[in-house]
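Asks: Can you keep this structure in mind? I'll have questions shortly.
Protein chains: 2
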Amino acid sequence: MKSESTTIKDIARFLNISASTVSRALNNHHEVSYKTRQAVLEAAKKLDYQPNALAIGLVKNQTNTIGVLMPDITQPFYSSAISGIEEVAVEKGYYVIICQSDESYHKEVSLVNMLNKHRVDGLIICTATTTDDYHHLQIVNLNIPLVQFDRVVKHIDSHKVVSNDYQGAYEAVKHLLECGCRRIAHIAGPEQLSVSKNRRQGYLDALRAANLAIDEQYIPTCTLEKEHMQLCTEQLLDLPIPPDAIFTVNDPTALEAMQVIKRKKLVIPDDVAVVGFDDQFLASYLNPALTTVSQPSFAMGRATAELLIGQIESKRKENEKSTFTTKVFDTQLIVRNSSGKRKDE
Amino acid sequence: MKSESTTIKDIARFLNISASTVSRALNNHHEVSYKTRQAVLEAAKKLDYQPNALAIGLVKNQTNTIGVLMPDITQPFYSSAISGIEEVAVEKGYYVIICQSDESYHKEVSLVNMLNKHRVDGLIICTATTTDDYHHLQIVNLNIPLVQFDRVVKHIDSHKVVSNDYQGAYEAVKHLLECGCRRIAHIAGPEQLSVSKNRRQGYLDALRAANLAIDEQYIPTCTLEKEHMQLCTEQLLDLPIPPDAIFTVNDPTALEAMQVIKRKKLVIPDDVAVVGFDDQFLASYLNPALTTVSQPSFAMGRATAELLIGQIESKRKENEKSTFTTKVFDTQLIVRNSSGKRKDE
DNA sequence: ATTTTTACCGGAAACGTATCCGGTATTCAA
DNA sequence: TTGAATACCGGATACGTTTCCGGTAAAAAT
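Residue numbers (numbering that gives the first Met the number 0), protein chains in the order written: chain A, 0 to 344; chain B, 0 to 344.
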């Protein structure tokens with residue numbers, strides 16, 4: 000199945016000139032006359048010439064491709080970020096290869112290696128929950144530009160894009176306090192994730208600022224598996240003195256929490272208020288609508304891609320050692336009915 | 000920035016053998032002795048050899064890459080399908096490049112051309128709502144294997160993967176009839192989309208089977224823009240004799256419809272029942288939970304990738320002209336409270 | 001002991017493109 | 001009119017790999 004596509008040599012033969020001249024003409028090189036350039040362009044169109052990206056990549060040692068490795072592209076937060084990444088990528092002439100780790104460390108390592116082998120020009124990664132060894136990132140970071148998204152590893156030297164998790168959590172808890180809640184629980188995420196840690200810290204500091212005692216019983220750590228989200232919620236509600244509010248590490252957890260609360264015939268927000276984190280698009284459609292901390296995932300995706308491509312192209316120009324930036328996006332508290340002051344729809 | 004990665008020649012030099020032998024050893028060619036093969040493998044590991052996919056692709060005229068073009072990767076139906084595609088792709092050693100058309104015909108054409116230029120080994124496509132010219136698909140279909148997903152164009156000769164839209168719609172309407180509804184409206188999708196057409200037909204036939212008259216006023220065609228979804232719903236509710244049920248072409252439309260219905264202080268399902276199509280993951284979290292037709296999007300994604308890769312690899316073996324199959328996935332009606340027989344949670 | 005087979009290996013060409021280097025013809029300055 | 005500068009082009013090489021072709025040495029068959 001010879002693919003029979005026309006090459007630069009075909010054009011050369013057609014015009015009785017050399018391949019190198021054709022190449023120069025197609026690349027707007029100045030050392031080619033106007034006349035032959037026009038002839039080449041015309042012939043290229045006529046013969047339906049499509050440059051072979053593989054061959055170009057081989058000599059230029061680049062693929063115009065960036066790899067994106069996310070835990071789960073099904074989650075709105077990630078798919079929306081990917082959408083932003085894709086948008087700037089095509090703007091700048093790059094392709095994006097997506098992979099998902101399914102929150103598995105082993106898949107993550109193997110996919111990073113695959114992408115490395117494929118000679119992607121750069122890599123965007125959001126580590127899996129189970130990842131707590133970062134050699135594979137270190138290694139890839141030496142070869143190709145890397146930018147970390149959302150879940151970041153501090154000691155790895157690269158661009159980073161995150162949202163202000165600490166501030167978001169702090170404000171969410173402050174809001175609950177203002178609603179009159181005094182026994183605020185927090186279903187936290189896995190400890191090795193930067194986002195979990197920062198949100199937890201925001202929660203703690205908000206309580207401290209209000210001179211409230213911290214009760215570790217109120218701060219279960221969730222694996223972020225569906226069943227465990229439910230279990231955490233049940234255990235909170237079964238405490239001798241159950242909480243009057245639950246702030247969850249993300250929206251999916253808030254969803255499950257709400258289901259459990261309803262199943263126990265408790266009323267949201269009267270008996271238990273709920274606040275999530277993400278503002279995934281369904282949050283506003285729930286009943287009661289979910290109060291949550293909004294992250295600009297699409298814009299974050301765009302910024303990530305811009306940083307990455309910027310680094311790729313500056314690297315090509317053999318720039319001085321680039322200094323890495325961490326882009327922090329402000330979050331915004333969206334107050335809806337799951338935490339309101341007992342005014343129903 | 001010479002990337003300094005070790006090549007096959009480095010290994011050859013290291014072992015004082017020829018590059019061709021190294022290549023053969025790495026590819027388990029039989030014409031190489033056990034001893035040298037071991038030596039090569041060891042040296043490859045020691046020197047951290049990573050085969051250059053570009054070079055391999057150049058000589059083999061393949062990229063091990065498949066392109067996926069979807070209207071909007073943010074929608075759960077698509078992201079879940081992509082997830083399935085990605086899964087079998089890595090299983091079989093392929094990379095997946097994703098692009099989104101944003102429902103724009105022009106973007107679609109330009110992206111198809113980009114992917115073609117990048118020499119992807121195959122292409123999965125779900126056309127945009129605004130696409131009603133299919134030359135670009137015809138052309139690409141001549142060059143590389145193509146499989147159409149969900150929204151398919153009948154007269155283009157390729158594998159196709161769809162769900163049984165007709166049957167799903169038929170059963171949804173039948174269910175509404177059994178609930179006692181008699182004035183069932185249908186918010187339909189754009190007419191050029193195969194899915195819209197089939198679901199509309201299922202709706203019509205179910206009504207006819209029940210000897211109910213068809214009222215075109217009850218069948219608005221929606222562009223699938225959010226505002227238009229709302230407008231269609233409002234117009235239905237404002238009719239002199241408003242419907243007692245609305246069957247929507249997909250879940251996002253059902254969502255908006257429910258919001259509008261609630262805003263009018265009507266009760267679901269007592270005043271108006273609602274049934275959607277997709278079973279996007281949020282459907283069960285709504286209040287009332289949404290009755291909808293479930294499509295196995297993940298499995299559909301898997302099947303699509305399997306068909307495509309199958310075609311790619313059979314093409315390599317210069318098979319006889321392959322005959323194309325259309326894989327139809329059965330849908331399943333998930334009855335929840337938005338259509339129940341007025342028993343509340 | 002001679003021929004044939006087998007096992008193994010190296011050299012060279014090829015994939016499609018970019019680019020370095022050198023060369024010719026033209027134009028300009030002196 | 002001569003020398004140098006300029007404009008343009010072709011040939012060769014390189015990128016990293018696979019694969020065809022031919023060749024040598026050992027093993028097997030005669």
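All C-beta atoms, glycine included, are put in the ideal place defined by N, C-alpha and C.
Going by DSSP in three states, aspartate 277 (chain A) sits in which element: helix, strand or coil?
Replies: It is a strand residue.
Asks: Among A:Thr247, A:Ser293 and A:Leu307, which one has its Cα closest to the Cα of valine 334 (chain A)?
Replies: That would be A:Ser293, whose Cα lies nearest to the Cα of valine 334 (chain A).
Asks: Counting only beta-carbon atoms, is glycine 56 (chain A) nearer than 8 Å to chain B?
Replies: Yes, glycine 56 (chain A) counts as interfacial toward chain B.
Asks: Just curious, the beta strand (DSSP E) that valine 21 (chain B) is in, first and last residue?
Replies: First-last for valine 21 (chain B): 18 to 25, but that is the alpha helix (DSSP H), not the beta strand (DSSP E).
Asks: Can you list, in chain order, the stretches of the alpha helix (DSSP H) that have 4 or more residues and sit fully within the region 55 to 84 of chain A?
Replies: Listed in chain order, there is nothing to give.
Asks: Can you tell me the Cα-Cα spacing of arginine 118 (chain A) and tyrosine 94 (chain A), whole angstroms?
Replies: Distance between the alpha carbons of arginine 118 (chain A) and tyrosine 94 (chain A): 13 Å.
Asks: Please name the residue or residues paired with glutamine 331 (chain B) in a DSSP beta bridge.
Replies: Note: glutamine 331 (chain B) sits in a beta bridge opposite B:Ser293.
Asks: Counting along the chain, where does the alpha helix (DSSP H) carrying phenylalanine 13 (chain A) start and finish?
Replies: Phenylalanine 13 (chain A) -> alpha helix (DSSP H) spans 7 to 14.
Asks: Please report whether the beta-carbon of glutamine 49 (chain A) lies at a distance below 8 Å from any beta-carbon of chain B.
Replies: Chain B, which has a Cβ nearer than 8 Å to the Cβ of glutamine 49 (chain A), makes this yes.
Asks: Whose C-beta lies closer than 7 Å to the C-beta of alanine 18 (chain A) among residues of the same chain, with five residues either side of it excluded?
Replies: Hits under 7 Å: Ile7, Lys8 and Ala11.
Asks: Let me check one thing: in DSSP terms, what residues is valine 146 (chain A) bridge-paired to?
Replies: According to DSSP, valine 146 (chain A) bridges with A:Ile123 and A:His158.
Asks: What is the DSSP secondary structure of valine 271 (chain B), counted as helix, strand or coil?
Replies: DSSP places valine 271 (chain B) in coil when its eight states are reduced to three.
Asks: Can we say the region 42 to 50 of chain B touches the region 41 to 59 of chain A, given the rule of at least three CB pairs closer than 8 Å?
Replies: No, they do not touch.
Asks: Using the Cβ count rule (16 or more neighbours within 10 Å means buried), how would you classify glutamine 310 (chain A)?
Replies: Under this definition glutamine 310 (chain A) is a buried residue.
Asks: Any C-beta of chain B within less than 7 Å: which residues of the region 275 to 293 of chain A qualify?
Replies: So the list reads Leu281, Tyr284, Leu285 and Asn286, given in the order they occur along the chain.
Asks: Using 8 Å for Cβ pairs, my map puts alanine 88 (chain B) next to alanine 304 (chain B). What's the rounded Cβ distance?
Replies: 6 Å between Cβ atoms; contact.
Asks: Tell me where the alpha helix (DSSP H) around histidine 227 (chain B) begins and ends.
Replies: From DSSP, the alpha helix (DSSP H) with histidine 227 (chain B) extends over 225 to 236.
Asks: Quick one, are the C-beta atoms of glycine 275 (chain A) and threonine 247 (chain A) less than 8 Å apart?
Replies: Yes. Within cutoff.
Asks: Would you call the region 59 to 78 of chain B and the region 120 to 131 of chain B touching, i.e. three or more CB-CB distances under 8 Å?
Replies: The answer is yes - the region 120 to 131 of chain B touches the region 59 to 78 of chain B, with three or more Cβ pairs under 8 Å.
Asks: Could you check how far apart the C-beta atoms of alanine 80 (chain A) and serine 100 (chain A) are, in whole angstroms? I think they sit under 8 Å.
Replies: The Cβ separation is near 15 Å, so there is no contact.
Asks: Could you pull out every residue in the same chain whose Cβ sits closer than 6 Å to the Cβ of alanine 148 (chain B), ignoring the five residues on either side in sequence?
Replies: The identity of residue 148 (chain B) in the sequence shown is phenylalanine, whereas the question assumes alanine. For phenylalanine 148 (chain B), where only same-chain residues beyond five positions count, the Cβ hits under 6 Å are Ile123, Cys125, Val160 and Thr303.
Asks: For the alpha helix (DSSP H) containing tyrosine 202 (chain A), name the first residue and the last one.
Replies: It spans 193 to 208 - the alpha helix (DSSP H) in which tyrosine 202 (chain A) sits, taken as one unbroken run.
Asks: How about isoleucine 7 (chain B): is its C-beta nearer than 8 Å to some C-beta of chain A?
Replies: It does not: the Cβ of isoleucine 7 (chain B) has no partner Cβ on chain A nearer than 8 Å.
Asks: Return no unless some Cβ of chain A is closer than 8 Å to the Cβ of isoleucine 72 (chain B).
Replies: By this cut-off, isoleucine 72 (chain B) is an interface position.
Asks: What's the gap between the Cα of arginine 181 (chain B) and the Cα of isoleucine 267 (chain B)?
Replies: Rounded to whole angstroms, arginine 181 (chain B) to isoleucine 267 (chain B) spans 16 Å at the Cα level.
Asks: By how many angstroms is the C-alpha of alanine 168 (chain B) removed from the C-alpha of aspartate 343 (chain A)?
Replies: For aspartate 343 (chain A), the pLDDT reaches just 36, beneath the cut-off of 50, and the residue's location in the model is therefore unreliable, although a value from the coordinates is still provided. Using only the alpha carbons, I get a separation of about 35 Å.
Asks: Is there a Cβ from chain A that is less than 8 Å from the Cβ of proline 397 (chain B)?
Replies: With chain B covering only 0 through 344, there is no way to say anything about residue 397 (chain B).
Asks: Could you give the residue range of the alpha helix (DSSP H) that holds tyrosine 165 (chain A)?
Replies: Note, tyrosine 165 (chain A): alpha helix (DSSP H), 164 to 177.
Asks: Comparing C-alpha positions only, which one of B:Thr291, B:Val108, B:Thr322 and B:His185 sits nearest to glutamine 216 (chain B)?
Replies: Minimum Cα distance to glutamine 216 (chain B) is reached at B:His185.
Asks: If I'm right that alanine 256 (chain A) touches isoleucine 183 (chain A) with Cβ under 8 Å, what's the distance once you round it to whole angstroms?
Replies: Not confirmed; about 13 Å, so no contact.
Asks: Might you give, ordered along the chain, the residues of its own chain that have their beta carbon closer than 7 Å to the beta carbon of isoleucine 361 (chain B), omitting 5 neighbours on each side?
Replies: Residue coverage of chain B in this structure runs from 0 to 344, which leaves residue 361 (chain B) outside it and unanswerable.
Asks: When you compare the CB of serine 19 (chain A) with every CB in chain B, is at least one pair closer than 8 Å?
Replies: Not closer than 8 Å to any Cβ of chain B, the Cβ of serine 19 (chain A) fails to qualify, so no.
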